[in-house]
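Below is one structure, written out as structure tokens, with a few remarks after it.
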Amino acid sequence: MDYGLALAFAGAAFATFLSGIGSSIGLGISGRSATGILSEKPEQYGLMTLLVVLPSTQGIYGLVISLFVMIKINLFGGDLADLTLAQGLMIFGASLPVGIAGLFSGIHQGKICAGGIQMAAKRPEMGVKAGVVYAAMIEFYAILGFLVSFLLIFIGVTV
Amino acid sequence: MAIAAMKKVMIVTHRSESEALLEALQQAGTVQVLDAERAMVTKEWPQLQSEFRRPRDLEERVDRLNRAIVFLKPYAGKVAGGLLSPRIEVPAGQYAKIVRSGQAMELLEKVEQTAKQIDKYGQDIDGLTAEIDKLRPWTPLAIPVEELGGMKSSVCFAGLIPEQLIESLSAQLDELGAIVHKIGSAHRAEACLVLCLKEAAAEVQKALRQADFETVGFEGYHGTIAAIIAEREAVLAQRMTYLQHEKNTAVELAEQRLSFQILHDHHKNLVERVYARDMAPASEHTMFFEGWVKAKDYPALEKIVGRFEASTVAIVEPGEEEEPPVGIDNGPAVRPFETITRLYGLPANTDVDPTVFLAPFFALFFGLCLTDAGYGIVLCLLLAWALKKMQGDKKALWMLMACSGMAVIAGALTGGWFADTIQTLLPQDEGSFGARLETLRGKIMQFDPMEDPLIFIGIALGLGYIQVLFGLGIAFVNLLKQKNYAAAIYEKLTWLILLISVLLYGLAKGGLLPSGLAPVFGILSLIQVVLIFWFTERSSGLAGRIGGGAFAVFSTVFYLGDILSYVRIMALGMVTAGLGMAINILTQLLMEIPYVGFILGLLMFVVGHTVNIGLSLLSSFVHSLRLQFVEFFPKFFTGGGREFSPLRNAYQHIVIRDNDKSV
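For the record, the sequence lines run as chains A and F. With the first letter of the first sequence counted as 1, position 95 gets the number 95 in this note's numbering; the numbers rise by one all the way through. Converting from the second sequence to this note's numbering requires adding 1000 to each position, the first position being numbered 1.
Here it is, written out as structure tokens:
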């Protein structure tokens, strides 16, 4: 029975830390790009910040899934749920989509944002319609990861 | 409620009246005047095109005023308004008075003089300070500097030796028979005199060079260093006084800053007018203002031109390849959403204006992505405050206001009030405030997405399905209006019927409709597939027709993808709620700390939910936008229209209180 719970813990941890890595690297890429531009064009701070923060959402999706796992195993209620090994494995597997999709989409979204930042420096009017919207396309796959994790944990696993 | 109908007009006027006429046109702000290069009249009579000479005097004057405004800014003290309302209200009378009197232009010269003096004294002060700093280490030198070096058989070098090298250098110089005499300390270096016999000078110099000796020259100085410094300090003090005096003058002049701002805006508009005049086609006595006007503004234009005796206006036919500029006109309820359309780019002339169609969807999607009544209310309050404070174009704020209102509704229907604050943070004892709120919340709530997430997914996909069909419907009607019946039927109607009948087929199979209907809808779908396959590439050869048709049938997958894409609405709604729940859990944990728990919890609650509002606002906006641009627009919209930009008065620094007398 303890192994089940351990796996669920690992799932909650993976969801946040994988997607967190994705967001961190993505933000690193976009942020570095923006600071370069801002040293020349400080007046574009608003638009640049918008483009920089876009890859931050993956980490949040991961956090929310971790939270749902914690609720599922009744972490906040005091008595931890009694999980079988199979149930633990299910929760662990269900936590992976948001983590892994977040990991890669975060990194690539950072790259798209960096590109958008470079473009917006020259053509600010394209910043939202191209830069932000293209970044939102990559984010969709993190959202799908979130959705699958969410449904699997909420509907798939009965504790 | 759509793309404004445009009329091409030709205004012909005598040169003597042109200026006054243009002024009237600019004030009305309804005509876009074409320059000689774009005007059609010069295509026919190229001799009307004259060389354009820039109004350099005027441009320079605008530049000077701008520089004066920037220069005076730090001296003006705190200017009322701030970030949201940077422009100053000016009564029309004051505006006219300042423009008429030449006083401000005289003051402008004084401002420039003052700026120049401040600059000069600043430089003087910098130079003197640097000089005094250079001399100060040498203060202990008691002999007048001109006597340094006037010896028969020996040479004297004065300069700075780096601190860390001084010992080794002294030893080295000692061997060469030179004496190092320390005078004082500068920054990380010693000010030294080095004395040696003339014969050894070359060797000594070489050693000094190797030790980074920095020669200090006293050419041009007379007397002792202390006396020189005292004299320089006196000059410095005097310059400081002058500088302060000039700065005081600048503060006085800054009281007139508003006059410069008024003049700046006035001249800027004047320059625009002069551009329009000088770039227009013209003969010796006649000017031709060819341009565009919204059809509804034409009668007013006729009236304006009618006031001028030697001017006339008429509607003319546009040139063959000429595309009219695009202006969009919408009712007050939809107008705020023009912000979204403009972000994408204006519609082409053959398009419909998408604003009215996207407005309800955008607000609804935004509301569902946010799905929190508490957050919606906070946003509404913030926006109401900003609307009250902000000047100028408030369309974007009104749009967000509508969206936030929708979030309140969506949040109330799904039971989200600052996530689960009511249930978890408020005490739920019988009859308490929390319990009553909870009952109320339960009454308004239609379903709880945390318990029935599938309902939420269904709503999101359903909305997607409706919007995709809607987009196809718009395209269908628009093609019919353009009398392009084949395209309307084969490229749009077939898809509409296909998408509807496939859904109905599914419903019939699933038992939600009588199962006997299933074959009917199945056959209807198949007919559409055949039509799409055979008629999409109507004008190609057989191979192209089959290839293109096969691809068109395959593109059903894209429609499926488009509709699935709307599932993000539900996911983002869940993220908002989920992060909010995390914040509430942390708040609860902090509350349990004795003594300071309440304060820490409150801090967590406020900061956490503020961050969540910010993040949710961003993703709700971005993803609602994307659903319009990527899933909705391509169904019916090409875009790429050139914006209608009439000649009109624009103000950068001021707002004229009475619009009717804006000149």
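Backbone N, C-alpha and C define an ideal beta-carbon position, used for all residues, glycine too. Computed from a prediction, not measured in an experiment: that's the story for all the values here.
Take residue 32/A, set aside five residues on each side of it, and the residues of its chain with a beta-carbon closer than 8 Å to its own are 114, in chain order.
Cβ contact annotation for residue 1198/F (same chain, cutoff 7 Å, sequence separation greater than five): 1153, 1154, 1155, in chain order. Residue pairing by DSSP places residue 1010/F opposite 1290/F, 1314/F in a beta bridge. A contact between stretches requires three or more CB pairs, one per stretch, nearer than 8 Å, and the region 1617 to 1634 of chain F meets this requirement with the region 1335 to 1353 of chain F. Within the DSSP secondary-structure output, residue 1182/F pairs in a beta bridge with 1192/F. Taking C-alpha positions only, residue 1483/F is separated from residue 1098/F by approximately 57 Å. Neighbours of residue 1585/F in chain A, taken as residues whose beta carbon is under 7 Å from its own, are 76 in chain order. In the three-state DSSP reduction, residue 1055/F falls in the coil class, being neither helix nor strand. When C-alpha distances from residue 1220/F are compared across 1635/F, 1148/F, 1398/F, the shortest belongs to 1148/F. If you draw a 10 Å sphere on the C-beta of residue 1595/F, you find fewer than 16 other C-beta atoms in it, and that means exposed. Counting the other Cβ atoms within 10 Å of the Cβ of residue 1269/F gives 16 or more, which makes it buried. At a cut-off of 8 Å between beta-carbon atoms, residue 1636/F makes no contact with chain A. Excluding sequence positions up to five before and after residue 1652/F, its CB lies within less than 6 Å of the CB of 1265, all in the same chain and listed in chain order.
In this structure the region 1225 to 1240 of chain F does not lie against the region 1098 to 1108 of chain F, because fewer than three pairs of beta carbons, one per stretch, are closer than 8 Å. At least 8 Å separates the CB of residue 47/A from every CB of chain F. Leaving aside the five residues that flank residue 1368/F on each side, the residues in its chain whose CB is nearer than 6 Å to its CB run, in chain order, 1410, 1569, 1573.
Cβ proximity to chain F below 7 Å picks out 128, 129, 132, 133 from the region 111 to 135 of chain A. Spatial neighbours of residue 1375/F in its own chain (CB-CB distance under 6 Å, excluding positions within 5 residues in sequence) are listed in chain order as 1613. With a cutoff of 8 Å on beta-carbon distance, residue 98/A and residue 149/A are scored as near each other. Secondary structure note for residue 1299/F: its alpha helix (DSSP H) is the uninterrupted segment 1298 to 1306. Under the criterion of beta carbons closer than 8 Å, residue 1584/F and residue 1439/F do not qualify as touching, at roughly 20 Å. Burial is judged here by how many other beta carbons sit within 10 angstroms of a residue's own beta carbon; residue 1259/F has at least 16 and is buried.
Distances from the CA of residue 1075/F to each of 1360/F, 1387/F, 1253/F were compared; the closest alpha carbon is that of 1253/F.
From the beta-carbon of residue 1619/F, the residues of chain A found nearer than 7 Å are 57.
With contacts defined as CB atoms closer than 8 Å, residue 1399/F and residue 1339/F qualify as a contacting pair. Against chain A, the beta carbon of residue 1551/F has no neighbour under 8 Å; the closest one sits roughly 22 Å away. Bounds of any beta strand (DSSP E) do not take in residue 1453/F; it lies within the alpha helix (DSSP H) bounded by 1453 to 1481. Contact between the region 1309 to 1321 of chain F and the region 1003 to 1018 of chain F is present: 3 or more CB-CB pairs across the two stretches fall below 8 Å. Contact of residue 1343/F with chain A is assigned, a C-beta pair being separated by under 8 Å. The shortest CA-to-CA distance from residue 1393/F to any of 1139/F, 1085/F, 1025/F, 1045/F is the one to 1085/F. Residue environment: residue 1351/F is assigned as buried (16 or more neighbouring CB atoms within 10 Å of its CB, all protein chains considered). At a cut-off of 8 Å between C-beta atoms, residue 73/A does not count as an interface residue with respect to chain F. Minimum Cα-Cα distance from residue 1230/F among the listed residues 1135/F, 1656/F, 1300/F corresponds to 1135/F. Residues of chain A whose Cβ lies closer than 8 Å to the Cβ of residue 1642/F do not exist; the shortest such Cβ separation is about 14 Å.
Taking the CA atoms as reference points, residue 1472/F sits about 6 Å from residue 1492/F.
Proximity of chain A to residue 1453/F at the Cβ level (cut-off 8 Å) is accounted for by 150, 151, 154, 155, in chain order.
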